[in-house]
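Shown next, in structure tokens, is the structure this report addresses.
Protein chains: 2
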Amino acid sequence: MIDLKEVVKIYQTDEVETFALNKLSLKIDQGEFTSIMGPSGCGKSTLLNIIGLIDMPTEGTYQFDGKIVNQFGEKQKADVRKENIGFVFQNFNLLDELPVYDNVELPLIYTSLSAKERKEKVLNVLSKLDIIHRKKHLPKQLSGGQQQRVAIARAIVNHPKILLADEPTGNLDSENGKEVMKILTDLNEEGTTIVMVTHSARDANYGSKIIHLFDGKMITENILKNL
Amino acid sequence: MIDLKEVVKIYQTDEVETFALNKLSLKIDQGEFTSIMGPSGCGKSTLLNIIGLIDMPTEGTYQFDGKIVNQFGEKQKADVRKENIGFVFQNFNLLDELPVYDNVELPLIYTSLSAKERKEKVLNVLSKLDIIHRKKHLPKQLSGGQQQRVAIARAIVNHPKILLADEPTGNLDSENGKEVMKILTDLNEEGTTIVMVTHSARDANYGSKIIHLFDGKMITENILKNL
Ligand SMILES: Nc1ncnc2c1ncn2[C@@H]1O[C@H](COP(=O)(O)OP(=O)(O)OP(=O)(O)O)[C@@H](O)[C@H]1O
Ligand SMILES: Nc1ncnc2c1ncn2[C@@H]1O[C@H](COP(=O)(O)OP(=O)(O)OP(=O)(O)O)[C@@H](O)[C@H]1O
Ligand SMILES: [Mg+2]
Ligand SMILES: [Mg+2]
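Top line first, the protein sequences correspond to chains A and B. Everything in the first sequence is counted per my numbering, starting at 1 for the first residue and increasing by one. Everything in the second sequence is counted per my numbering, starting at 1001 for the first residue and increasing by one.
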């Protein structure tokens, strides 16, 4: 499903050239649950952004479902994202001017679902994340953990084939954290491919494979379970 | 030093009235290290914002250094903040248009320090947080954990009397997290009063007192150490 070969990502500022990813190769099969760990600044979010077609590699090839996506134009990339990928951003990226309900409904707007069907899905996922009582609030009227749960709700409301989650429990207490991990595990058992960045060793162990990054390179890859 | 009596904070939106804090009383002495824990949405950030004079209570009294601050005007509140308080916000609140160096220098601008003295303090704190190689980057050119470390550097560069830290290690790997907790402990041993919100039981144990909030109330207060 996902096949990265010798991917390099270089950020250039006036003073500094950073190899955020440095000849990284990685394969992820349909239905796998892969955890990514590593020190702050080692390239985890950069890797997720490339897998999610939000950012493009500087060198190397990226094949998604057998198609080389490096050559894709903006429109093609947007279509692949909409049809396949749910993303929980590390900084949430909620739209400040829309209430919680509308933020979560966004991924459904491009589909052929009726308003009634959309409403059912939105309310269902908001109650799963224990945040339905905040559906009319604006993001800045929420606590940090509540914003994170809204971001997770938006990412999974449309049952994506692939869920990319960047530290999904970083702002949550252990109870809410466990709830979120249970939701991710259930989705994975239903067939969703999951790639999760985390600093929590406990959460990483929910995955079937853990990879460790350091300075843009993959230093270990542990297979945890026989699926 | 800090004396909150029956403090209530109510947020009102069109549909919902939330008691973010509900008759909460709390005393914090000079030089103490208090940890605050509790589920997402229970009022931790609201409590820090009130202690830091960023937000005002709806009811109840707040005495800071023996003075009742509820009646303070904006200018008086700003002076108390500048002279006494360093704040690590949960969402960092870095200024996007300023490079890292300038963000960290901000609290020093209001002081009588020369540019040379300011430079020494800024570079010193950036190297302590292992982020000096990013001094010319803009906040959006940093990883999540790097932004958090810049936010911590800015909060401590001026050696505040009180440090309010809202989940200071939430976006950090365990190595960087330990470094930050060591810096906070050193500051506390030098006399800085610290109030830290955290979801990590391990980090909470660095404090001399842990309080647990639930639905805006303090449900337990554990004294950990004989100072
Ligand atoms: N501006 C606002 N308007 C309305 N409600 C608000 C506002 N800010 C916060 N709240 C509500 O007040 C409650 C307390 O929020 P607070 O940010 O203090 O929680 P917290 O304990 O810091 O949670 P977290 O661990 O998720 O950061 C939440 O239920 C939140 O929805
Ligand atoms: N727009 C940018 N311009 C320049 N450098 C950047 C940019 N974005 C990221 N970087 C650099 O690329 C490196 C990798 O960043 P990335 O966000 O992938 O780290 P991360 O592993 O997710 O870290 P964290 O755990 O702190 O979130 C970092 O050193 C960062 O400073
Ligand atoms: Mg990151
Ligand atoms: Mg908070």
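Every residue, glycine too, gets a C-beta built ideally from N, C-alpha and C.
- Apart from the 5 residues on each side of it in sequence, H212/A sits with its Cβ closer than 6 Å to the Cβ of M37, G38, I219, T220 in its chain, given in chain order.
- Legend: CB atoms of the segment 38–50 of chain A lying less than 9 Å from CB atoms of chain B belong to residues G38, P39, S40, G41, C42, G43, K44, S45, T46.
- Proximity of L1184/B to chain A, defined by a Cβ-Cβ separation below 8 Å, is not satisfied.
- The segment 1064–1076 of chain B and the segment 1138–1150 of chain B do not touch, with fewer than 3 CB-CB distances between them shorter than 8 Å.
- Close partners of S208/A in chain B (Cβ separation under 9 Å) are lacking, with about 22 Å as the shortest Cβ gap.
- Closer than 8 Å to the CB of L1172/B there is at least one CB belonging to chain A.
- In the three-state reduction of the DSSP assignment, T61/A falls in the strand class, which pools E and B.
- When the five nearest sequence neighbours on each side are left out, the beta carbons in the same chain lying within less than 8 Å of the beta carbon of D1173/B are those of G1145, in order along the chain.
- Nearest in C-alpha terms to H137/A, of all of E1017/B, L1163/B, D1003/B, V1007/B, is E1017/B.
- With at least 16 other beta carbons inside 10 angstroms of its own, N49/A counts as buried.
- Here L1095/B is exposed, its C-beta having fewer than 16 other C-beta atoms within 10 Å.
- For S143/A, the closest Cβ of chain B is nearer than 8 Å.
- Residue contact check for K1136/B against chain A: a CB pair falls below 8 Å.
- For D102/A, there are no C-beta contacts with chain B under 7 Å, since the nearest C-beta of that chain is about 15 Å from it.
- If you ignore the 5 residues before and after I1223/B, its C-beta comes within less than 8 Å of the C-beta of S1208, K1209, all in its own chain and listed in chain order.
- Here Y1011/B is exposed, its C-beta having fewer than 16 other C-beta atoms within 10 Å.
- For Q1012/B, the enclosing beta strand (DSSP E) starts and ends at 1002–1012.
- Close to E221/A, with beta-carbon spacing below 9 Å, lies no residue of chain B; the smallest spacing is near 18 Å.
- At the C-beta level, T1198/B and S1035/B come within 8 Å of one another.
- Contact annotation: the segment 1059–1067 of chain B does not touch the segment 159–173 of chain A, with fewer than three C-beta pairs closer than 8 Å.
- Contact check for E1097/B against V1122/B fails: the beta carbons are separated by 8 Å or more.
- Assignment of D96/A by DSSP, reduced to helix, strand and coil, places it in the coil class.
- At least one heavy atom of ligand 1 sits closer than 7 Å to the Cβ of K1044/B.
- Burial check for A1115/B: the Cβ neighbour count within 10 Å stays below 16, so the residue is exposed.
- T1193/B is bridged by DSSP to I1162/B.
- Counting along the chain, E17/A sits inside the beta strand (DSSP E) bounded by residues 17–28.
- With distances taken between CA atoms, L1026/B lies nearest to I1002/B out of E1117/B, I1002/B, G1191/B.
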